[in-house]
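I have placed the structure first, in the form of structure tokens, so that the comments after it can refer back to it.
Numbering (the UniProt record's numbering), first residue to last: 1 to 301.
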């Protein structure tokens with residue numbers, strides 16, 4: 001897709017971070033923007049900022065984890081614009097802690113947003129995007145973590161690996177059917193966003209993580225690391241625009257991504273064990289190494 005003037009772009013998780021950077025960049029290139037987010041105040045502010053920049057922007061509250069909510073978003077978008085050309089399945093959340101201490105609700109929350117959010121977006125928008133016959137593109141936000149499992153991030157890494165698999169399957173389907181719909185997966189590393197504050201939008205936000213003490217420390221360290229060393233969301237958006245323009249499946253950013261991809265894949269090609277990538281092993285107490293309290297209750301112990 002070389003031209004964006006007059007195209008309609010739908011962006012989930014669009015009120016902040018990478019999603020908002022997508023909105024500003026694609027809007028400046030001529031797209032009409034439909035922002036979707038679960039945070040009403042942030043959404044209103046984002047739409048106002050886009051309009052002040054001269055971009056045709058509208059906002060809808062949507063919970064990507066709920067199929068009915070995404071279907072309402074699609075209906076309202078089609079009612080307003082008629083057609084959708086760019087679908088950004090961007091909404092995402094993260095959680096930090098040892099794999100065995102994550103409760104079923106922890107896992108469900110991350111997968112509902114990160115995986116089912118992508119599936120729900122595809123199901124609600126793609127059939128109409130295929131039917132109108134014009135150039136279109138699906139952009140799914142994955143991660144460098146789509147390629148490897150990092151310790152203390154099992155729900156997040158596994159969900160992003162699923163997004164990669166979904167995106168590769170969809171790419172093959174669109175090419176085999178000779179549609180005019182392209183597919184791109186965005187694979188950023190550390191980005192200066194608020195993803196380590198994802199708990200603010202969790203339905204059971206009064207108990208956002210299964211291990212409060214560990215999560216508080218992880219939140220503080222994660223926020224500092226991402227804000228201090230992460231790439232600007234604008235850099236991610238620029239790389240994505242280039243990928244869409246050139247119909248590239250992968251959108252990588254910065255200069256260190258080959259190091260991470262090689263580190264993840266080369267041991268596999270050799271049949272070697274994966275590299276050990278973890279965060280915070282030195283600070284875990286014996287109590288934190290023990291089974292999570294909910295596990296004992298679930299087993300009847």
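Where a beta carbon is used, it is the ideal one built from N, C-alpha and C, also for glycine.
Exercise for the section: Look at the Cβ atom of residue 264, then the Cβ atom of residue 148, and state whether they are nearer than 8 Å. Expected result: Along the chain shown, read from residue 1 onward, the residue named residue 264 stands at position 264. Along the chain shown, read from residue 1 onward, the residue named residue 148 stands at position 148. Result yes, Cβ atoms of residue 264 and residue 148 sit closer than 8 Å.
Practice task
From the DSSP output, read off the bridge partner residues of residue 34.
Solution key: Residue numbering aside, residue 34 sits at position 34 when the chain shown is read from its first letter. DSSP output for residue 34 lists 10, 58 as bridge partner(s).
Practice task
Look at residue 125 and residue 84 and say whether their C-beta atoms are less than 8 Å apart.
Solution key: The sequence position of residue 125 within the chain shown is 125, counting from 1. The sequence position of residue 84 within the chain shown is 84, counting from 1. In contact: residue 125 and residue 84 (Cβ atoms closer than 8 Å).
Problem - N- and C-terminal bounds of the beta strand (DSSP E) containing residue 136 - result: As a position in the chain shown, residue 136 is number 136, starting the count at 1. That run of the beta strand (DSSP E) goes 136-141.
Problem - Span separating the alpha-carbon of residue 276 from that of residue 151 - result: Indexing the chain shown from 1 puts residue 276 at position 276. Indexing the chain shown from 1 puts residue 151 at position 151. The alpha-carbon atoms of residue 276 and residue 151 are separated by roughly 8 Å.
Practice task
Give the secondary structure of residue 268 by DSSP, where H, G and I count as helix, E and B as strand, and everything else as coil.
Solution key: Residue numbering aside, residue 268 sits at position 268 when the chain shown is read from its first letter. Correct three-state label for residue 268: helix.
Exercise for the section: Starting from residue 184, trace the beta strand (DSSP E) both ways and give me its first and last residue. Expected result: Indexing the chain shown from 1 puts residue 184 at position 184. Start and end: 181-186.
Problem - Counted within 10 angstroms of its Cβ, other Cβ atoms place residue 3 as buried (16 or more) or exposed - result: By one-based count along the chain shown, residue 3 stands at place 3. By the 10 Å Cβ count, residue 3 comes out exposed.
Exercise for the section: Following the continuous alpha helix (DSSP H) through residue 120, name the residue where it begins and the one where it ends. Expected result: Here residue 120 corresponds to residue number 120 of the chain shown, with the count starting at 1. Its alpha helix (DSSP H) spans residues 116-131.
Practice task
Quick one: residues in its chain with C-beta nearer than 7 Å to the C-beta of residue 238, no 5 flanking neighbours on either side, listed in chain order?
Solution key: Here residue 238 refers to the residue found at position 238 when the chain shown is read from its first residue. Hits under 7 Å: 25.
Handout entry: Local conformation of residue 103 per DSSP, three classes
Key = The count along the chain shown starts at 1 and reaches residue 103 at position 103. Here residue 103 sits in coil by DSSP.
Exercise for the section: Label residue 132 either buried or exposed according to how many other C-beta atoms from any shown protein chain fall within 10 Å of its C-beta, with 16 as the threshold for buried. Expected result: For the purposes of this step, residue 132 is taken as the residue at position 132 of the chain shown. With fewer than 16 Cβ atoms within 10 Å of its Cβ, residue 132 is classed as exposed.
Exercise for the section: Leaving aside the five residues before and after residue 34 along the sequence, list all residues of the same chain whose C-beta is less than 6 Å from its C-beta, in chain order. Expected result: Looking up residue 34 in the chain shown gives position 34. So the qualifying residues of the chain are 10, 58, 77.
Handout entry: Which listed residue (246, 101, 29, 119) has its alpha carbon closest to that of residue 70
Key = Residue 70 sits at position 70 when you count from the first residue of the chain shown. When only C-alpha atoms are compared, the closest one is 119.
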